[in-house]
Amino acid sequence: MRSSVLSFLACMAVLVLPGLAHANVGVAFVHGTGKQTNALADYWTAAFVDSVRQGLPNPANYVVINCDFEQYMWDPEAAGCLAGQLTTFINNKKITSMTVITHSNGGNVIRWMLSNPTYDSRYPKIINTIRWVDALAPSSLGTPLADAVIAGNSFEQSLGWLLGYKGEAVTMQQTSHMAFYNSNYLYGTAGRPALPRELWAVVGTDVDSSPLDSDSYCGGYSLNVGLETTQNWLDDCSDGFLECSSQGGAGYVWFYDTEVSTDGEPLSHAQSRRNCFGLDVILRNDV
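Numbering (our numbering), first residue to last: 24 to 310.
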């Protein structure tokens, strides 16, 4: 697994460069689409965040971002807000090395920052502090569900609880729009320059929502039922919201869910931000 290799290399680096052993390591949790004011409770859950941050030398060195990701990724309320909160975290905690854990559209916002370091004077320090990005189910190539919502077809109402409303972030995540941004403004996709910091994608491949299967209740049974319904408009390989090709479309694929999850269980889009099937332990061992 990637984390094992990186851990070995990190240990070797400490032997060569003793100063690295004194790095002040932190982790940031960056939510997906939506306007969050309490992402710890409403998006990630304390159980997930508390489990992951135990992998830090100092578990207090973490931040849960609360921004308005209903806006375009470059907007002040989105990337600007993220830059402000990350800068405050880095400065207040004196963070020298930071893992960023994103979910869904949060991966696009951090990728905007990584791809456009001169856009905001705060970006370079943030980029220099990031070790790597663990992108959980990133919407790097967009989703056909955003196309459907904007087009206003027959299942728009059933998607309202997933996508919010016809806002800028949903418009942005249309597949044709993301293709344009990836070709012109973002790094990390095929044929484009590499990102200045590695982005490692965790890809969710399926949705289980059987009422007789206890695993279907992790992350919220009703959410998984909805995601299995919307999966009908996606490729066979999808997490109910994003196709696997979109999740793995930028940076590097770290792993597909069933390769490492407990009992080979898939991670739906709702489950990839929860303590489901050992995901939190994998991330804990990586930060």
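Virtual Cβ for every residue (Gly too), placed ideally from N, Cα, C.
Here DSSP, grouped into helix, strand and coil, assigns Thr122 to strand.
Positions of the beta strand (DSSP E) runs, each at least 3 residues long and wholly inside the stretch 211-299, are given as 222-226, 275-279 in order along the chain. Boundaries for Leu105: no beta strand (DSSP E) harbours it, while the alpha helix (DSSP H) harbouring it runs 104-116, taken from the DSSP string. The three-state secondary structure of Leu63, taken from DSSP, is helix.
Between the alpha carbons of Ala273 and Ala62 lies a gap of roughly 25 Å. At a Cβ-Cβ threshold of 8 Å, Thr212 and Asp262 do not count as neighbours. Between Asn139 and Tyr208, the beta carbon gap of about 7 Å places them in contact (Cβ cut-off 8 Å). In this structure, the straight-line span from the alpha carbon of Glu191 to that of His45 is close to 42 Å. Nearest C-alpha to Phe278 among Phe264, Leu306, Glu251: Leu306. Asp280 is classed as buried because its beta carbon has at least 16 other beta carbons within 10 Å across all chains shown. The three-state secondary structure of Val172, taken from DSSP, is helix.
DSSP links Ala51 through a beta bridge to Val86, Val123.
Two segments are said to touch when three or more pairs of C-beta atoms, one from each, lie closer than 8 Å; by this definition the stretch 122-137 does not touch the stretch 228-238. The beta carbon of Gly271 sits closer than 7 Å to those of Ala224, Val226, all from its chain and outside the five residues before and after it, given in chain order. A contact is defined here as three or more CB-CB pairs under 8 Å, and the stretch 149-160 fails this definition with respect to the stretch 236-251.
Ranked by Cα distance from Arg296, the options Pro80, Phe92, Asn81, Ile124 are led by Ile124.
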